[in-house]
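Quick note, the sequences are listed as chains A and B, same order. Here the numbering used here is used: the first residue of the first sequence is 4, the next is one more, and so on. Here the numbering used here is used: the first residue of the second sequence is 4, the next is one more, and so on. Read the structure below first, then the notes.
Protein chains: 2
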Amino acid sequence: MAGIIECVPNVSEGRRLDVIDGLAQVIGATPGVRLLDRTSDPDHNRSVFTFAGDPEAVERAALALVDATYAVVDMRGHAGEHPRLGAVDVVPFVPLAGVTMDECVAIAHRVGEAVAAKHNVPVFFYAKAAKRPERVRLPDIRKPEYEGLAELMETTHVPDAGPPILHPSAGAIVVGARPPLIAFNIELDTADLKLAQRIAKEIRESSGGLPAVQAKGFRLSDPPRAQVSMNLLDHTVTSLPRVWREVESRATAAGVRILRGELIGLLPLDAALAVTAEALQLDGFTRHRVIESRFLE
Amino acid sequence: MAGIIECVPNVSEGRRLDVIDGLAQVIGATPGVRLLDRTSDPDHNRSVFTFAGDPEAVERAALALVDATYAVVDMRGHAGEHPRLGAVDVVPFVPLAGVTMDECVAIAHRVGEAVAAKHNVPVFFYAKAAKRPERVRLPDIRKPEYEGLAELMETTHVPDAGPPILHPSAGAIVVGARPPLIAFNIELDTADLKLAQRIAKEIRESSGGLPAVQAKGFRLSDPPRAQVSMNLLDHTVTSLPRVWREVESRATAAGVRILRGELIGLLPLDAALAVTAEALQLDGFTRHRVIESRFLE
Chain A
4 MAGIIECVPN VSEGRRLDVI DGLAQVIGAT PGVRLLDRTS DPDHNRSVFT
54 FAGDPEAVER AALALVDATY AVVDMRGHAG EHPRLGAVDV VPFVPLAGVT
104 MDECVAIAHR VGEAVAAKHN VPVFFYAKAA KRPERVRLPD IRKPEYEGLA
154 ELMETTHVPD AGPPILHPSA GAIVVGARPP LIAFNIELDT ADLKLAQRIA
204 KEIRESSGGL PAVQAKGFRL SDPPRAQVSM NLLDHTVTSL PRVWREVESR
254 ATAAGVRILR GELIGLLPLD AALAVTAEAL QLDGFTRHRV IESRFLE
Chain B
4 MAGIIECVPN VSEGRRLDVI DGLAQVIGAT PGVRLLDRTS DPDHNRSVFT
54 FAGDPEAVER AALALVDATY AVVDMRGHAG EHPRLGAVDV VPFVPLAGVT
104 MDECVAIAHR VGEAVAAKHN VPVFFYAKAA KRPERVRLPD IRKPEYEGLA
154 ELMETTHVPD AGPPILHPSA GAIVVGARPP LIAFNIELDT ADLKLAQRIA
204 KEIRESSGGL PAVQAKGFRL SDPPRAQVSM NLLDHTVTSL PRVWREVESR
254 ATAAGVRILR GELIGLLPLD AALAVTAEAL QLDGFTRHRV IESRFLE
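Below, the structure written as structure tokens:
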């Protein structure tokens with residue numbers, strides 16, 4: 004087997020369900036690809052598809068999705084809560100099994116060049132596929148949005164591929180490669196929202212906490228309880244056991260017990276096994292020590 | 004696909020690395036077989052190879068390993084911590100995918116008969132391949148060890164195949180079929196062998212402890228430390244987190260810290276994920292929540 008990569012494209016259409024169904028079908032109809040998840044939000048006016056398969060199949064499906072989206076989404080009529088630059092807004096490729104990050108970077112560059120050539124759309128490369136340091140973070144690239152991008156395309160936003168001219172209906176596209184993102188929450192045995200907010204603030208990168216961690220405190224009802232809600236942007240930089248320990252030690256110091264963990268969506272195998280390795284204090288325990296994973300390569 | 008079986012032979016040589024390399028090459032050179040893991044321990048003077056492939060290829064590789072080992076390992080010069088009866092001590096066949104336990108039993112019987120005929124070595128069948136109820140458990144068969152076996156071969160240890168005469172250099176061999184087994188050790192931050200032996204005795208099934216758990220205490224050198232060495236015969240009956248807690252609580256009560264866990268061979272995916280689920284207090288976390296496992300179905 005050629006390995007497995009994941010692709011999580013964000014499309015600027017979250018309201019017309021027949022259109023979104025059609026795009027999902029384009030992905031699912033690509034041989035060698037499985038559509039694992041799809042989420043659409045009418046307020047954000049945005050859909051996120053998650054699919055995976057062998058690298059060539061995923062590359063083909065991503066290009067087919069771009070073609071299909073450009074035929075049905077016109078940015079000139081688009082409004083929504085979420086920042087975006089184009090009809091296909093961002094296309095990240097994620098290595099899952101038997102594929103390196105470098106290979107995903109190469110796929111991202113190939114897909115970006117192909118879209119630029121075929122559709123005359125300006126392309127920005129981000130995350131591990133960034134060609135300039137100021138384009139590593141997606142929010143930095145996306146800041147001017149579709150409406151403000153045209154006037155910046157010869158100064159701060161010269162595209163990495165394609166013409167420095169915004170495409171009227173397709174806008175621009177951001178393509179990249181990144182590690183898997185993990186959405187993980189920890190519920191505390193207290194209704195004290197302030198505690199969850201304080202812990203979140205202390206552990207998140209933006210306030211000087213753990214690298215590659217986003218965190219926010221919430222209060223849940225029925226029963227009332229506080230939650231630390233987190234995104235791990237790179238679990239090889241800050242792992243699940245690390246955030247667990249950091250939250251647990253702060254909760255314990257406040258005399259509060261952890262109720263449970265909660266995983267949103269799916270977990271990458273390596274992230275799950277890192278937890279196993281730490282809990283059993285195993286040195287060098289990776290997927291190569293798991294019988295079934297040898298049949299994923 | 005013809006299905007996949009695993010074979011985990013234990014060879015009584017853990018010190019001469021060139022000899023062990025040669026045996027690993029014999030396995031790896033068999034077409035249709037993948038050598039998944041190899042672990043050697045000089046104190047135990049023992050190596051464990053894990054390989055898998057289609058049933059016919061695995062059967063061929065097992066026989067080739069026996070031939071190669073008998074040419075280079077002589078039990079008359081063998082000393083080590085671990086109980087053993089022969090140069091190739093035990094050869095279990097494990098169904099992994101698309102193969103029944105009955106098929107693995109048939110392979111075990113065929114391999115045992117072939118070794119008896121070719122090498123004149125006494126053979127015992129164990130676990131699911133046992134032909135007598137008192138030979139289901141490996142430790143019962145292995146109890147007299149190589150040094151004590153000769154005088155029992157016409158009474159309690161009449162072999163299931165081959166002559167009732169111990170082979171001088173090869174000893175005897177135990178062949179069988181079983182579900183996946185987890186070989187897991189916990190090292191204690193003490194040289195106190197008695198503590199490891201007491202913990203092992205308290206947690207093993209044979210002394211009234213945890214079901215489907217075998218355990219023994221050892222003392223390792225360099226640095227001197229005590230080890231609780233375990234086999235989990237069915238991790239769905241007694242899990243890794245359970246044995247970890249049972250060992251840890253007893254060690255802690257004796258004022259001793261755990262140094263590390265050690266996995267011998269490979270872990271089944273479900274056993275690894277059960278540890279993840281417990282450590283992160285995740286409800287209903289199974290392989291279906293792991294991205295890559297969608298490609299194992």
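A virtual CB, placed ideally from N, CA and C, is assigned to each residue, including glycine.
- request: Using beta-carbon positions only, say whether N48/B and R79/B come within less than 8 Å of one another.
  value: Your numbering for residue 48/B matches position 45 in the second sequence. Your numbering for residue 79/B matches position 76 in the second sequence. It is not a contact, given that the beta carbons lie outside the stated cut-off.
- request: Please confirm if P34/B has its CB atom under 8 Å from at least one CB of chain A.
  value: Here residue 34/B refers to the residue found at position 31 of the second sequence. No, its Cβ sits nowhere closer than 8 Å to a Cβ of chain A.
- request: Measure the C-alpha to C-alpha separation of V274/A and V51/A and round it to an integer number of angstroms.
  value: One-based indexing of the first sequence puts residue 274/A at position 271. One-based indexing of the first sequence puts residue 51/A at position 48. Per the sequence presented here, residue 274/A reads as Ala, with Val not at that position. The alpha-carbon atoms of A274/A and V51/A are separated by roughly 22 Å.
- Message: Please tell me whether T158/A has its Cβ less than 8 Å away from any Cβ of chain B.
- Response: On the first sequence, position 155 is the one that residue 158/A refers to. It does not; no Cβ of chain B falls within 8 Å.
Point to revise | Supposed close pair L235/A, L243/A - CB separation, criterion 8 Å | key: The residue you call residue 235/A lines up with position 232 of the first sequence. The residue you call residue 243/A lines up with position 240 of the first sequence. Indeed they touch by this definition, with Cβ atoms about 7 Å apart.
Q: Specify, as a first and last residue, the run of the beta strand (DSSP E) that V94/A falls within.
A: Position 91 of the first sequence, counting from 1, holds the residue named residue 94/A. Taken as a continuous stretch (DSSP letters only), the beta strand (DSSP E) holding V94/A covers V91 to A100.
For this session: Establish whether the CB of A218/B and some CB of chain A are separated by less than 8 Å.
Result: Within the second sequence, numbered from 1, the residue matching residue 218/B stands at position 215. Not one chain A Cβ lies under 8 Å of A218/B.
Using a beta-carbon distance below 8 Å, is A65/B in contact with chain A? Within the second sequence, the letter at position 62 stands for residue 65/B. No, A65/B does not count as interfacial toward chain A.
Report back the beta-carbon spacing between L269/B and D40/B to the nearest angstrom; my notes put them in contact at under 8 Å. As a first step, residue 269/B must be located in the second sequence, where it is residue number 266. As a first step, residue 40/B must be located in the second sequence, where it is residue number 37. Right, the Cβ-Cβ distance comes to about 5 Å (below 8 Å), so this counts as a contact.
### Interface partners of I261/B on chain A, CB under 8 Å
For the purposes of this step, residue 261/B is taken as the residue at position 258 of the second sequence. Result: Q284.
**Report entry** Where M233/A sits in the DSSP three-state scheme
**Finding:** To locate residue 233/A, count along the first sequence from 1; it is residue 230. DSSP places M233/A in strand when its eight states are reduced to three.
**Item:** Sequence-distant residues of the same chain with beta carbon closer than 8 Å to A282/A, five excluded per side
**Value:** Residue mapping note: residue 282/A aligns to position 279 of the first sequence, counting from 1. Taken in chain order, the residues that qualify are P244.
_So, for L141/B: in the same chain, excluding its five sequence neighbours on each side, which residues have a beta-carbon less than 6 Å away from its beta-carbon?_
Mapped onto the second sequence, residue 141/B falls at position 138. Same-chain partners within the cutoff: Y129.
**Message:** Tell me which residues of the region 269-282 of chain B have at least one Cβ-Cβ distance to chain A shorter than 8 Å, keeping chain order.
**Reply:** L269, L270, P271, L272, A275, L276, V278, T279, E281 and A282
Problem - N- and C-terminal bounds of the beta strand (DSSP E) containing I144/B - result: What you label residue 144/B is simply residue 141 of the second sequence in a count that begins at 1. It is not in any beta strand (DSSP E) - I144/B instead sits in the alpha helix (DSSP H) that spans L141 to R145.
Quiz item: By the 10 Å Cβ neighbour count, where 16 or more other Cβ atoms means buried, how is G287/B classified, buried or exposed?
Solution: If you number the second sequence from 1, residue 287/B lands on position 284. Result: exposed.
- Query: Comparing the CB of P162/B with every heavy atom of the ligand SAM, is any distance shorter than 7 Å?
  - Reply: This structure does not include the ligand SAM; it has no bound ligands of any sort.
Item to complete: Would you be able to state if there are at least three C-beta pairs under 8 Å between the region 182-201 of chain B and the region 105-123 of chain B?
Response: no
| task | Please say whether G179/A and K219/A have beta carbons closer to each other than 8 Å? | result | Position 216 of the first sequence holds residue 219/A. Position 176 of the first sequence holds residue 179/A. The answer is no: Cβ separation not under 8 Å.
Three-state class that DSSP yields for D40/A in the structure shown: Walking along the first sequence from the start, residue 40/A turns up at place 37. The answer is strand: DSSP assigns D40/A an E or B state.
query = Excluding sequence positions up to five away, which residues of its chain have a Cβ less than 6 Å from the Cβ of P147/B?
reply = For this step, residue 147/B is matched to residue 144 along the second sequence. These residues qualify, in order along the chain: L155.
Beta-carbon contacts of G83/A that lie in its chain and below 8 Å, excluding the five residues immediately before and after:
For the purposes of this step, residue 83/A is identified with residue 80 of the first sequence, where counting begins at 1. S15, G17, D46, H47, N48 and R49, listed in sequence order.
Is the Cβ-Cβ distance between P12/A and L68/A less than 8 Å? Along the first sequence, one-based indexing puts residue 12/A at 9. Along the first sequence, one-based indexing puts residue 68/A at 65. The answer is yes: Cβ separation under 8 Å.
- Between the region 114-125 of chain A and the region 157-170 of chain A, are three or more C-beta pairs nearer than 8 Å? yes
Restricting to Cα atoms, I'd like to know which of R145/B, A280/B and P226/B is closest to H85/B. Numbered from its first residue, the second sequence carries residue 85/B at position 82. It is R145/B whose Cα lies nearest to the Cα of H85/B.
In terms of residue numbering, what span does the alpha helix (DSSP H) encompassing K204/A cover? The residue labelled residue 204/A in the question sits at position 201 within the first sequence. L196 to I206 is the extent of the alpha helix (DSSP H) around K204/A.
- prompt: Smallest Cα separation from Q284/B: which of D21/A, C10/A, I261/A and V76/A?
  reply: One-based indexing of the second sequence puts residue 284/B at position 281. It is I261/A whose Cα lies nearest to the Cα of Q284/B.
*Secondary structure of S15/B, DSSP reduced to three states*: The sequence position of residue 15/B within the second sequence is 12, counting from 1. Note: S15/B maps to coil in three-state DSSP.
query = Starting from T279/A and walking both ways along the beta strand (DSSP E), at which residues does that stretch end?
reply = Looking up residue 279/A in the first sequence gives position 276. Where T279/A is concerned, there is no enclosing beta strand (DSSP E), although the alpha helix (DSSP H) it sits in stretches over L272 to A282.
*asked:* For a test of the three-state rule: what should DSSP assign to A130/A, helix, strand or coil?
replied: Here residue 130/A is taken as the residue at index 127 of the first sequence, counted from 1. Three-state DSSP puts A130/A in a strand.
CB-CB under 7 Å to D77/A, same chain, minus the five flanking residues each way: which ones, in chain order?
Here residue 77/A is taken as the residue at index 74 of the first sequence, counted from 1. Excluding sequence neighbours, D77/A sits near S172.
Problem set entry | V240/A, DSSP secondary structure in three states | Walking along the first sequence from the start, residue 240/A turns up at place 237. Looking at V240/A - three-state DSSP - the assignment turns out to be coil, as it is neither helix nor strand.
Exercise for review: Pair every Cβ in the region 199-211 of chain B with every Cβ in the region 247-260 of chain B, then say whether three or more of these pairs are closer than 8 Å.
Suggested key: yes
ask   = Taking Cβ positions, are V240/B and A280/B nearer each other than 8 Å?
value = Here the question's residue 240/B lines up with position 237 in the second sequence. Here the question's residue 280/B lines up with position 277 in the second sequence. No, the pair does not count as a contact, with Cβ atoms beyond the cut-off.
Contact criterion: CB-CB distance below 8 Å. Does L213/B meet it with respect to chain A?
For the purposes of this step, residue 213/B is taken as residue 210 along the second sequence, with counting starting at 1. Closer than 8 Å: no.
Using 8 Å as the threshold, is the C-beta distance between A65/B and V94/B below it? Within the second sequence, the letter at position 62 stands for residue 65/B. Within the second sequence, the letter at position 91 stands for residue 94/B. A contact, by the Cβ cut-off of 8 Å.
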